[in-house]
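Engineer: Sharing a structure, written as structure tokens. Questions coming.
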Amino acid sequence: MHAGPDGLGPELHRVTSLGPSVIPSYLTGRPSAEISKPQLLEVFDLFRAAARRAAEAGYDGLELHAAHGYMFLGSFLAPQRNRRTDDYRGDSVRGRIRVVLEALAAIRAEIGDALPITLRISGYERVAGGRPIYETAQVAPQLVAAGVDAFHVSGGVIDRLVTQMVNGADDGDALNVGAAAAVKEVVDVPVIAVGRIHDPQRAEQILADGRADFIAMGRPLLADPELPAKLAAGHATRVRRCISCENCIDAMEQRFSVDCAVNPRTGKERELAVRPARRRRRVAVIGAGPAGLEAARVAAARGHRVTLFEAAGQLGGALLWASVLHPENQPFLRYLRAEIARSSVKVVLNHTVGVDDITELAPDGVIVATGGTVVVPDIPGADLPHVRTGPGLRGLFAGRRQRLIRPTLLRAASRAWLPVGDRVAIIGGDLVALELAEFLARRGRRVAILEAGKTLAPEIGNKRKTEHMDRLDRLGVTVHVRASVEQITAAAVEFTPAGGTSRALPADSVVVAGTLHADTTLFDAVAAALPTAQVSAAGDCTGLGLIRKATEDGARAACAL
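Take the sequence shown: its letters are residues 1 to 561, numbered as in UniProt numbering.
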């Protein structure tokens, strides 16, 4: 239990957390107490004792966490959190760094040079009044002289949604490498770079350019724990890349658990272990979206004979469209397709499966992953020619059988041609609607979202939702919640905002997003027709759940065979 201002001591032990100043915790809302000098000496003694235990236990090294401002050492280093006026004062570099120097001195006095010490530090705090890169580079040599053997350079400081600590897709790749390189230029000890370095090729290039000595990865190892082994074996193309969807952060906040959208086994390693099947079975998987692809991949890996049916002309299902709107999804689509191609799975495209097809095949197991049904509200004027539904807009982009969907090419082509006017109204506010609004706004359209509910995208967590809202705000997208849409005319959408009076929103094009509902029609029919077979449903056909639910449903169904 660390002593920093965002420690969980108040929640778990009913004690007050300690920090440089009285600081409300972003995690618990409770304020920390300003630590006294006698208490500070006690904390240093705890550092000494912990270092001694690590040495006696045979550890190869220690890492002191002084990044992000939420743990004890980092909170002293963060100017906006350290308001002291004594020797550890927050308005001077010397005062802020003093607590770290004294902690290092205490540890070295206890264990000498028995273990190397790495220091995790925010190279750039990225907030008003926060520590800039040049200050981190300025203090780095002093930290080396005090006993630091390597630097682990992260970035950002704590906020309610760890916005600058755990970077979203909009932040770009390798965000902290500049700060790591600045530290490396002034010290002669190794420097570790971390922070949204998801692409192994980019990681290798950072090392080759001399901007860091090591690369640290967090989320990429949730997505693929075998990443180091795959790279060592020369199988970089088989790495399942993190897609920066923030599911892991939202899961930690909402459920205090860990999971991963692209790797359903994360946090469920025993439960969803891919073990060889006791008996090889004939398995039909219907639908090649993320649920069906994961189900087919896992079932084949367990030794089953799998046939995968897809009504469209290529694999991907809803993940195809998701990859158009959100490019970070595309590596996962490529991964699933490549793994299916490497496997023993028999793929049948352009085939809409009926009950007769399955009964003729007489499989031992069936996994139905055909997706849900989009239900569109009945709005007067929805039949006008400038009004499209979400599925209708996808079809216009992609062609009837989705043969033309190539996410990268479609994103590029859509900058020159879009089948919508200048002013676009989107009726509905789920995640797909938000991503569509962003997609259109980035292509110069003036977009407005009208949502009947009290919030947007309830299917995602606060971190990802906030990042979407920030981007929409920067792009000039207007948003109305609790909006009652009355009718669509040739030139506008008439609606009543919350607590207001009816008004007209000018629109050249209208997209009615609709709501995805569960659709187990085929599952019910197959289960009735094959009473002795093991029949299960996965993905959106059992209800909306995004990529995380789809992959977990698919993996569970395959592991249960």
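A virtual CB, placed ideally from N, CA and C, is assigned to each residue, including glycine.
Checking 7 Å against the spacing of the C-beta atoms, do residue 562 and Ala180 come in under that value?
Structural biologist: Given a span of 1 to 561 for the chain in the structure shown, any question on residue 562 remains unanswerable.
Engineer: Let me check understanding here. Comparing Cα to Cα, which of Val481, Ile107 and Ala66 lies closest to Glu42?
Structural biologist: Taking the sequence shown and counting its residues from 1, one reaches residue 42 at position 42. Out of Val481, Ile107 and Ala66, Ile107 has the C-alpha closest to the C-alpha of Glu42.
Engineer: Can you give the Cα-Cα distance for Gly69 and Gly58, rounded to whole angstroms?
Structural biologist: The count along the sequence shown starts at 1 and reaches residue 69 at position 69. The count along the sequence shown starts at 1 and reaches residue 58 at position 58. Per the coordinates, the alpha-carbon of Gly69 lies some 29 Å from the alpha-carbon of Gly58.
Engineer: If I follow the unbroken alpha helix (DSSP H) through Ser36, where does it start and stop?
Structural biologist: Walking along the sequence shown from the start, residue 36 turns up at place 36. Neither: Ser36 is in no alpha helix (DSSP H) and is coded neither H nor E.
Engineer: Cutting at 7 Å between CB atoms, please list the residues of its own chain near Trp321, excluding the five before and the five after it.
Structural biologist: Within the sequence shown, numbered from 1, the residue matching residue 321 stands at position 321. Result list for Trp321: Arg394, in chain order.
Engineer: Report the residue from Ala369, Leu336 and Arg131 whose alpha carbon sits nearest the alpha carbon of residue 566.
Structural biologist: As shown, the chain starts at 1 and ends at 561. That puts residue 566 outside it, with no answer to give.
Engineer: Alpha carbon to alpha carbon, what distance is there between Asp60 and Glu253?
Structural biologist: In the sequence shown, residue 253 corresponds to position 253, counting from 1. In the sequence shown, residue 60 corresponds to position 60, counting from 1. If you take the alpha carbons of Glu253 and Asp60, they lie about 32 Å apart.
Engineer: Once the 5 residues before and after Leu282 are set aside, which same chain residues still bring their CB inside 6 Å of it?
Structural biologist: The count along the sequence shown starts at 1 and reaches residue 282 at position 282. In the sequence under discussion, the amino acid at residue 282 is Arg, which differs from the Leu named in the question. Once the five neighbours on either side are set aside, the close Cβ partners of Arg282 are Arg305, Pro363 and Asp364.
Engineer: Counting along the chain, where does the alpha helix (DSSP H) carrying Val183 start and finish?
Structural biologist: As a working note, residue 183 is residue 183 in the sequence shown. Per DSSP, Val183 belongs to the alpha helix (DSSP H) from Val177 to Lys184.
Engineer: Leu450 and Val485: beta carbons closer than 7 Å?
Structural biologist: Position 450 of the sequence shown holds residue 450. Position 485 of the sequence shown holds residue 485. It is a contact, given that the beta carbons lie within the stated cut-off.
Engineer: So which of Ala538, Val347 and Glu294 has the shortest CA-CA distance to Thr307?
Structural biologist: Taking the first residue of the sequence shown as position 1, residue 307 is located at position 307. Ranking Ala538, Val347 and Glu294 by Cα distance to Thr307 puts Val347 first.
Engineer: Any idea what DSSP makes of Ile23, helix, strand or coil?
Structural biologist: Stepping through the sequence shown from its first residue, residue 23 is reached at position 23. Here Ile23 sits in coil by DSSP.
Engineer: Could you tell me how far apart the beta carbons of Gly554 and Gly292 are, in whole angstroms, since I believe they sit closer than 8 Å?
Structural biologist: Position 554 of the sequence shown, counted from the first residue, corresponds to residue 554. Position 292 of the sequence shown, counted from the first residue, corresponds to residue 292. About 6 Å separates the two Cβ atoms, so the contact holds.
Engineer: Check the C-beta distance from Ala105 over to Leu64 and give it rounded, since I have them as a contact under 8 Å.
Structural biologist: Taking the sequence shown and counting its residues from 1, the one referred to as residue 105 is at position 105. Taking the sequence shown and counting its residues from 1, the one referred to as residue 64 is at position 64. Between Leu64 and Ala105 the Cβ distance is about 12 Å, and since that is not below 8 Å, they are no contact.
Engineer: The alpha helix (DSSP H) with Lys465 in it runs from where to where?
Structural biologist: Taking the sequence shown and counting its residues from 1, the one referred to as residue 465 is at position 465. Asn462 to Arg474 is the extent of the alpha helix (DSSP H) around Lys465.
Engineer: Which of the three DSSP states is assigned to Gly130 in this structure?
Structural biologist: Here the question's residue 130 lines up with position 130 in the sequence shown. Annotated three-state conformation of Gly130 is coil, per DSSP.
Engineer: Using the Cα positions of Asn263 and Thr551, report the straight-line distance between them to the nearest angstrom.
Structural biologist: To locate residue 263, count along the sequence shown from 1; it is residue 263. To locate residue 551, count along the sequence shown from 1; it is residue 551. About 7 Å.
Engineer: Does the contact criterion of 3 or more C-beta pairs under 8 Å hold for the stretch 437-445 versus the stretch 523-530?
Structural biologist: no
Engineer: Which one of Ala193, Thr136 and Leu119 has the shortest CA to CA distance from Arg94?
Structural biologist: Locating residue 94 in the sequence shown gives position 94, where the first residue counts as 1. Of Ala193, Thr136 and Leu119, the residue nearest in Cα terms is Thr136.
Engineer: Quick check for students: name the residue ranges of the alpha helix (DSSP H) that lie wholly in the stretch 204-292, counting only runs of 4 or more.
Structural biologist: 219-223, 227-232 and 247-255
Engineer: Spatial neighbours of residue 562 within its chain, please: CB distance less than 6 Å, with the 5 preceding and 5 following residues excluded, ordered by chain position.
Structural biologist: What the structure shows of the chain is the stretch from 1 to 561, and residue 562 is not part of that stretch, so it cannot be assessed.
Engineer: With DSSP as the reference, identify every bridge partner of Val420, one or two as the case may be.
Structural biologist: Translated into positions along the sequence shown, residue 420 becomes position 420. For Val420, which the question treats as bridged, DSSP gives no partner whatsoever.
Engineer: Would Ala223 and Cys260 be called neighbours here (beta carbons separated by less than 7 Å)?
Structural biologist: Within the sequence shown, residue 223 is the residue found at index 223, counting from 1. Within the sequence shown, residue 260 is the residue found at index 260, counting from 1. Yes, they are a contact pair.
Engineer: Give me the Cα-Cα distance between Glu271 and Ser17, rounded to the nearest whole angstrom.
Structural biologist: Here the question's residue 271 lines up with position 271 in the sequence shown. Here the question's residue 17 lines up with position 17 in the sequence shown. Each residue's alpha carbon lies about 36 Å from the other.
Engineer: In this structure, how does DSSP classify Arg400 when only helix, strand and coil are distinguished?
Structural biologist: The residue given as residue 400 occupies position 400 in the sequence shown. Interpretation of Arg400 is limited by its pLDDT of 49, a score under 50 that renders its predicted location unreliable; the figure taken from the coordinates is listed afterwards. Three-state result, Arg400: coil.
Engineer: Just mark Val510 as buried or exposed, buried being the case when its beta carbon has 16 or more other beta carbons within 10 Å.
Structural biologist: Walking along the sequence shown from the start, residue 510 turns up at place 510. Buried, because 16 or more other Cβ atoms sit within 10 Å of the Cβ of Val510.
Engineer: State the DSSP-derived secondary structure class of Arg445, mapped to helix, strand or coil.
Structural biologist: Translated into the one-based positions of the sequence shown, residue 445 becomes position 445. If DSSP states are grouped into helix, strand and coil, Arg445 belongs with coil.
Engineer: Measure the alpha-carbon distance for Arg556 versus Ala295 and round it to whole angstroms.
Structural biologist: The residue labelled residue 556 in the question sits at position 556 within the sequence shown. The residue labelled residue 295 in the question sits at position 295 within the sequence shown. Answer to the nearest angstrom: the Cα atoms are 8 Å apart.
Engineer: When we look at the beta-carbon of Thr85 and count the other beta-carbons within 10 Å, is it buried (16 or more) or exposed?
Structural biologist: Indexing the sequence shown from 1 puts residue 85 at position 85. Around the CB of Thr85, fewer than 16 other CB atoms lie within 10 Å, so the residue is classed as exposed.
Engineer: With C-beta atoms as the reference, is Ala54 less than 7 Å away from Leu46?
Structural biologist: Your numbering for residue 54 matches position 54 in the sequence shown. Your numbering for residue 46 matches position 46 in the sequence shown. Against a cut-off of 7 Å, the Cβ pair of Leu46 and Ala54 comes out as no contact.
Engineer: By how many angstroms is the C-alpha of Asn329 removed from the C-alpha of Arg401?
Structural biologist: Along the sequence shown, read from residue 1 onward, the residue named residue 401 stands at position 401. Along the sequence shown, read from residue 1 onward, the residue named residue 329 stands at position 329. The predicted model places Arg401 with a pLDDT of 46, which falls under 50 and marks its position as unreliable; any figure quoted below should be read in that light. In a straight line, the C-alpha of Arg401 is about 21 Å away from that of Asn329.
Engineer: Is Thr359 closer than 7 Å to Cys541 when the C-beta atoms are compared?
Structural biologist: Counting from one through the sequence shown, the residue named residue 541 turns up at place 541. Counting from one through the sequence shown, the residue named residue 359 turns up at place 359. Contact: no.
Engineer: Quick test of the definition: if touching needs 3 or more C-beta pairs under 8 Å, does the stretch 112-119 touch the stretch 137-153?
Structural biologist: By the criterion of at least three beta-carbon pairs nearer than 8 Å, the stretch 112-119 is in contact with the stretch 137-153.
Engineer: State the beta-bridge partners of Glu63 as determined by DSSP.
Structural biologist: The residue labelled residue 63 in the question sits at position 63 within the sequence shown. In DSSP, Glu63 forms a bridge with Thr118.
Engineer: Would you identify the three-state DSSP class for Glu451, choosing helix, strand or coil?
Structural biologist: Taking the sequence shown and counting its residues from 1, one reaches residue 451 at position 451. Here Glu451 sits in coil by DSSP.
Engineer: Is it right to say Val139 is buried, meaning 16 or more other beta carbons lie within 10 angstroms of its own, or is it exposed?
Structural biologist: Numbered from its first residue, the sequence shown carries residue 139 at position 139. It is buried - the Cβ of Val139 has at least 16 other Cβ atoms within 10 Å.
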